[in-house]
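Beneath this line is the structure, given in structure tokens, with notes to follow.
If you want it as structure tokens, here you go:
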């Protein structure tokens, strides 16, 4: 049809020109497709950045820290990133060490704070406080929280709410009687990834289907007992006054009966709290096995190894939930794993270790394209061909094929406790409701403390629904 | 040039050129837009007789930087040229060269295993080779003459 040879050199026919530029519009099409793709990627990224949004500064709140040890420092560092707080006082019985360190840190941030050894003195003298953040050992929580509430303060109290249910019940009552806020430090309740998983994935999209089994763990490598600088040791009288026999006990209170609750309480309660939340249920029974299998029982009165199985009566039926914590091998760290008839959710507070947030679709479940488009889950990972090839000649027809793996698109790089503290301060300002009020902390305490009881009793213990109520 | 092809054959020939160009262009643009893209991973796990060469590229930061830029802009230039049908033969040959390098860095030879996922099953021949041979056909058939800027270039400045 075309006869280019007939064209003269240096001249261009109309037909040749049109043919020459025929594919130029493809560049436009490419540009359009690229722009669409960039838009999509940008939208996905915006969903993914789950860092707590900067709320406008509210009225300044006067804050005190009660207990400036390891956990108190963690909370203090998180609070220093929250605008609108004015630190007025710090209290710690280790005046030469913890207290000094916290006061010095705050003075670097231009906060002139008063240091106290005795919290009652602090409550007497500091009359302008709006809130107190309590990070003392568990056996002090109840008295500290109740006295602070009665002094008219809003209270953020670390978990475990108390080492006894009586103590925890006093706290619930204290909050109710004073009308002040009491937030318990189960900080996952405010974590953007956990909120996304419960609100969007489980509740709205129902991607897990009916959750029938759960498992979770917090495994820790062997850790030496905590020491202390000898020249800063607290004198015996002061220790006795505050309920400790020795510096060894003061530094390692978590291991002692009457002071703490051992790893199942320190670590497990964070995650068992999530079991209750995601299952929207309270356990009806628990069996458990545990003991001081590795450490010396003199310095480790509480169990260093615990394995527990809960039974839940969820709105959709029975669910069984396994939990283990051990302190001799840290492999796979900590995570919770919810298994429904349509999907599996593996979630962790930790960004490290590959269990931060993955969700696997069961092959029999309806496709998740809609939820990928909405950004609730990422597109599935391409399964490695090599793996399938290697097993294809052995794969029994009765075995299930491996499900698609999607990610939860929420990355979180703020301090873990920051959003929970923010929720507390915003609740004081009347902008939000508490994510973990005393009643929820109490339910979790009932659920968790029963494990230690079941280990001691060596049998299945049931929960009376009335136990969860105050 | 003789008209060896029917109209439909010419359309398909142009289509082949354009889709390969699109693929090259996007491979380049995607790497350009990915903030920290680098060929290091691909090169570092190279297998086969040229593995030492590719691993050397991955290990020396200076060389790697040049390789990354050459790769990105090479892909973009070749992609644009193929879509527009401009210097088609030359860009097809460069395209083949690039693909050959990718292929040789991680050839699907018997007994090699890779940690990067592969989206298919290959024995010696993989999609790289298919694209390479398709480019060879673009080059020998001079696809740019049919619906391509080469037609304008040759008409204006080319030798008779």
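Chains as they are written, first to last, in the numbering used here: chain A, 65 to 534; chain B, 9 to 168.
C-beta: ideal position from N, C-alpha, C; glycine also.
Contacts that residue i makes with chain A (C-beta to C-beta distance below 8 angstroms)
| i | result |
| --- | --- |
| residue 150 (chain B) | Ordered by position in chain A, no residue passes the 8 angstroms Cβ test against residue 150 (chain B), which lies about 11 angstroms from the chain. |
| residue 155 (chain B) | 83, 84, 86 and 87 |
| residue 22 (chain B) | 86 and 87 |
Cβ separation of residue i and residue j, assumed to be a contact under 8 angstroms, to the nearest whole Å
| i | j | result |
| --- | --- | --- |
| residue 409 (chain A) | residue 399 (chain A) | Not a contact, Cβ separation roughly 10 angstroms. |
| residue 333 (chain A) | residue 514 (chain A) | Not really, about 11 angstroms apart at Cβ, beyond 8 angstroms. |
| residue 97 (chain A) | residue 155 (chain B) | Actually they are not in contact, since the Cβ atoms of residue 97 (chain A) and residue 155 (chain B) sit about 20 angstroms apart, beyond 8 angstroms. |
| residue 407 (chain A) | residue 280 (chain A) | With 8 angstroms as the limit, residue 407 (chain A) and residue 280 (chain A) do not qualify as a contact, their Cβ atoms being about 17 angstroms apart. |
| residue 356 (chain A) | residue 370 (chain A) | Contact flag wrong, Cβ pair sits at about 10 angstroms. |
| residue 512 (chain A) | residue 531 (chain A) | At roughly 13 angstroms, the Cβ-Cβ gap does not stay under 8 angstroms, so residue 512 (chain A) and residue 531 (chain A) are not in contact. |
| residue 166 (chain A) | residue 129 (chain A) | 6 angstroms |
| residue 536 (chain A) | residue 195 (chain A) | The structure shown does not extend to residue 536 (chain A), since chain A is modelled only from 65 to 534, so the question has no answer here. |
| residue 499 (chain A) | residue 325 (chain A) | So it is not a contact: roughly 22 angstroms between Cβ atoms. |
| residue 152 (chain B) | residue 93 (chain B) | 4 angstroms |
| residue 205 (chain A) | residue 476 (chain A) | Their Cβ separation, rounded to whole angstroms, is 27 angstroms, which puts residue 205 (chain A) and residue 476 (chain A) out of contact at 8 angstroms. |
| residue 338 (chain A) | residue 387 (chain A) | Contact flag wrong, Cβ pair sits at about 10 angstroms. |
| residue 6 (chain A) | residue 443 (chain A) | Any answer about residue 6 (chain A) is impossible in this case: the structure gives chain A only from 65 up to 534. |
| residue 58 (chain B) | residue 147 (chain B) | Not really, about 23 angstroms apart at Cβ, beyond 8 angstroms. |
Endpoints, the alpha helix (DSSP H) within which residue i is located
| i | result |
| --- | --- |
| residue 414 (chain A) | That residue, residue 414 (chain A), is in no alpha helix (DSSP H); it is neither H nor E in DSSP. |
| residue 160 (chain B) | 157 to 165 |
| residue 395 (chain A) | Per DSSP, residue 395 (chain A) belongs to no alpha helix (DSSP H) and is neither H nor E. |
| residue 515 (chain A) | 502 to 521 |
| residue 433 (chain A) | 433 to 437 |
| residue 81 (chain A) | 78 to 84 |
Bridge-paired residues (DSSP) for residue i
| i | result |
| --- | --- |
| residue 292 (chain A) | None; residue 292 (chain A) has no bridge partner. |
| residue 155 (chain A) | A:130 and A:180 |
| residue 151 (chain B) | In the DSSP output, where bridge partners are listed per residue, residue 151 (chain B) has none listed. |
| residue 371 (chain A) | A:353 and A:388 |
| residue 150 (chain A) | A:126 |
| residue 218 (chain A) | A:195 |
| residue 376 (chain A) | A:347 and A:383 |
| residue 407 (chain A) | A:425 |
| residue 526 (chain A) | A:349 |
| residue 8 (chain B) | Nothing can be reported for residue 8 (chain B), as the shown portion of chain B is limited to 9 through 168. |
Range covered by the beta strand (DSSP E) that runs through residue i
| i | result |
| --- | --- |
| residue 282 (chain A) | 275 to 283 |
| residue 399 (chain A) | 398 to 404 |
| residue 389 (chain A) | 381 to 390 |
| residue 165 (chain A) | No beta strand (DSSP E) holds residue 165 (chain A); the alpha helix (DSSP H) holding it covers 164 to 172. |
| residue 425 (chain A) | 421 to 425 |
Interface partners of residue i on chain A, CB under 7 angstroms
| i | result |
| --- | --- |
| residue 97 (chain B) | Ordered by position in chain A, no residue passes the 7 angstroms Cβ test against residue 97 (chain B), which lies about 16 angstroms from the chain. |
| residue 33 (chain B) | 94 |
| residue 37 (chain B) | 98 |
Under 9 angstroms by beta carbon: chain B residues contacting residue i
| i | result |
| --- | --- |
| residue 170 (chain A) | None at all; the shortest Cβ gap to chain B is about 38 angstroms. |
| residue 90 (chain A) | 26, 29, 30, 91 and 92 |
| residue 217 (chain A) | Correct list: empty, because the minimum Cβ distance to chain B is about 47 angstroms. |
Amino acids of chain B, ordered along the chain, whose beta-carbon sits closer than 8 angstroms to that of residue i
| i | result |
| --- | --- |
| residue 80 (chain A) | 159, 160 and 163 |
| residue 331 (chain A) | Here the premise fails: no neighbours, minimum Cβ distance about 33 angstroms. |
| residue 76 (chain A) | 160, 163 and 164 |
Inset, instruction - Entirely within the segment 220 to 261 of chain A and at least 4 residues each: give me those alpha helix (DSSP H) ranges in chain order. - result: Taking only runs of at least 4 residues, the alpha helix (DSSP H) segments lying wholly in the segment 220 to 261 of chain A are 229 to 242 and 256 to 260.
Legend entry - 3-residue-minimum beta strand (DSSP E) runs that sit fully inside the segment 26 to 66 of chain B, ordered along the chain: Counting only runs of 3+ residues, no beta strand (DSSP E) is found wholly inside the segment 26 to 66 of chain B.
Legend entry - Whole runs of the beta strand (DSSP E) within the segment 466 to 498 of chain A, excluding any shorter than 3 residues: If only uninterrupted beta strand (DSSP E) runs of at least 3 residues are considered, those enclosed by the segment 466 to 498 of chain A are 468 to 471.
Inset, instruction - Please list the segments of the alpha helix (DSSP H) lying wholly inside the segment 83 to 126 of chain B, counting only runs of 4 or more residues, in order along the chain. - result: Whole alpha helix (DSSP H) segments, 4+ residues: 96 to 113.
Inset, instruction - Please list the segments of the alpha helix (DSSP H) lying wholly inside the segment 295 to 335 of chain A, counting only runs of 4 or more residues, in order along the chain. - result: Annotation note: the segment 295 to 335 of chain A contains the following uninterrupted alpha helix (DSSP H) runs of length 4 or greater, listed N- to C-terminal: 300 to 305 and 311 to 315.
Inset, instruction - Mind checking the segment 96 to 110 of chain A against chain C and listing, in chain order, the residues whose C-beta falls within less than 8 angstroms of any C-beta there? - result: Going by chain labels, chain C is absent from the structure shown, which instead holds the protein chains A and B.
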